[in-house]
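Report on the following structure.
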Amino acid sequence: MRLEVLIQDGGIYLDSDVLILRSFDPLLNLNNIVKVHQDDQEAAFNAVILEKKDATFLKRLYDAYQNFNQNCWDCHSVRLAGRLTSMYPNEITVLPTNTILRPS
Numbered sequence: 385m386r387l388e389v390l391i392q393d394g395g396i397y398l399d400s401d402v403l404i405l406r407s408f409d410p411l412l413n414l415n416n417i418v419k420v421h422q423d424d425q426e427a428a429f430n431a432v433i434l435e436k437k438d439a440t441f442l443k444r445l446y447d448a449y450q451n452f453n454q455n456c457w458d459c460h461s462v463r464l465a466g467r468l469t470s471m472y473p474n475e476i477t478v479l480p481t482n483t484i485l486r487p488s
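To convert, take the position in the sequence shown, counting from 1, and add 384; that gives the working numbering.
Now the structure itself:
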């Protein structure tokens, strides 16, 4: 559902456990989706997504959900987005992990 809404309207998606410490304003002018790259693997942290309406990358990700495997929750939620990032680097802005994730 989150992908459908972002494709249709654009905007910002946040998981319910995300704590905002700073304004998103500096990120709003970046092109395409804002994705944080996890340092230890080719994966996409998707608890925070900033995207414009009709974003090509989100459409690709949404289309890939047609092959969703309910027995592998992270296969689509983080791994697939990471692979698509490598395949379509011009459609996404990759930020370092510490940009959005606060170190524990």
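Don't be surprised by glycine CBs; every beta carbon is placed ideally from N, CA and C.
Looking at the backbone, the Cα of F441 and that of D409 are separated by about 21 Å.
Contact annotation: the stretch 447-461 does not touch the stretch 393-401, with fewer than three C-beta pairs closer than 8 Å.
Minimum Cα-Cα distance from N413 among the listed residues Q392, K436, T469 corresponds to K436. DSSP places L387 in the helix class (H, G or I) of the three-state scheme. The beta carbons of Y472 and I433 sit no closer together than 7 Å. Between V478 and T469 a beta carbon distance of about 6 Å is seen, short of the 8 Å cut, so the two are scored as contacting.
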